[in-house]
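Trainee: This is the structure, below, for whatever I ask next.
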Amino acid sequence: MNLLKFFPYRVARLADAVSRAVAPVYAERFGLSRDEWRVLAALAEENQMKTTDLIAHTTLDKMQVSRALARMESAALIERAPDPEDGRARIVRPTGAARKLYQKIVPMVQAREAFLLEALTPQEREVLLGAMDKVMERALQLERQG
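Mapped onto my numbering, the consecutive letters of the sequence shown carry residue numbers 38 to 183.
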C-alpha cells in the first residue's frame, strides 16, 4: 500500500492543511486555539449546547472540549449553567463578547475558505461537496457497524 495514495491518509492531510491555512485568522489575531474556535463556532450556531453535544458537534474529544471551555470561561467568552433537565449536565452559552468576537472572525475565515475553493470551478465544488457527503455517510455506516 502506498500511504500517500491511501484515501484516509489523504483526507487527514487535507483536513490538517486546511485547518492550518485558516488558523492564523483566529490564532494569531485573536488568540484562540483551534479547539476554542470550533467551540465558539458551534455555540454561535446553536446559541447554547450541552457539553456532550459540543463534543459531538465539534469532533473534539471530551478533554479537548473541557480545556477549551475552561480557557473560554476564563476569558469571559462562555457561561455555564446546570441543565434544568439533567442535573449532571451543563449548558454552555456564548457571552456577548463571544458573539462579537465570532462576528469579527467569520468574514476572515470565510475569505480563507473562498480562496481555497477558488481552485475549483463551481461545478467541481458542487461535485466535491456532494462526494464528501456521500463518503461521510459511508464512514458513519461503517462506524455504526463496528
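The C-beta atom is built at its ideal place from N, Cα and C for all residues, glycine as well. If you're wondering where the values come from, they're calculated on a predicted model, not measured in any experiment.
Drop a sphere of 10 angstroms on the beta-carbon of E161, count the other beta-carbons inside from all chains shown, and report buried for 16 or more, exposed for fewer.
Mentor: On the sequence shown, residue 161 is found 124 positions in, with the first residue counted as 1. With fewer than 16 Cβ atoms within 10 Å of its Cβ, E161 is classed as exposed.
Trainee: D120: which of V129, A54 and A79 sits nearest, CA to CA?
Mentor: Start at 1 with the first residue of the sequence shown, and residue 120 comes out as number 83. Here the closest residue by C-alpha is V129.
Trainee: With distance defined between alpha-carbon atoms, name the residue in R50, G68, G167 and K87 nearest to M109.
Mentor: In the sequence shown, counting from the first residue as 1, residue 109 sits at position 72. Residue G68 holds the alpha-carbon nearest to the alpha-carbon of M109 among R50, G68, G167 and K87.
Trainee: Under DSSP, the alpha helix (DSSP H) around D170 begins and ends at which residues?
Mentor: Here residue 170 refers to the residue found at position 133 when the sequence shown is read from its first residue. Unbroken alpha helix (DSSP H) run through D170: P159 to Q182.
Trainee: With E116 as the anchor, note down where its beta strand (DSSP E) starts and where it stops.
Mentor: The residue labelled residue 116 in the question sits at position 79 within the sequence shown. E116 -> beta strand (DSSP E) spans I115 to D120.
Trainee: So Y46 and I142 are supposed to be a Cβ contact under 8 Å. How far apart are they, rounded?
Mentor: Translated into the one-based positions of the sequence shown, residue 46 becomes position 9. Translated into the one-based positions of the sequence shown, residue 142 becomes position 105. Rounded, the Cβ-Cβ distance is 30 Å, inconsistent with contact.
Trainee: Does the distance from the CB of V48 to the CB of L153 come in under 8 Å?
Mentor: One-based indexing of the sequence shown puts residue 48 at position 11. One-based indexing of the sequence shown puts residue 153 at position 116. Going by C-beta atoms, V48 is not nearer than 8 Å to L153.
Trainee: Which residues bound the beta strand (DSSP E) around A126?
Mentor: Residue numbering aside, residue 126 sits at position 89 when the sequence shown is read from its first letter. Counting along the chain, A126 sits inside the beta strand (DSSP E) bounded by residues D123 to P131.
Trainee: Could you tell me whether the stretch 164-174 touches the stretch 112-119, using the rule of 3 or more Cβ pairs below 8 Å?
Mentor: no
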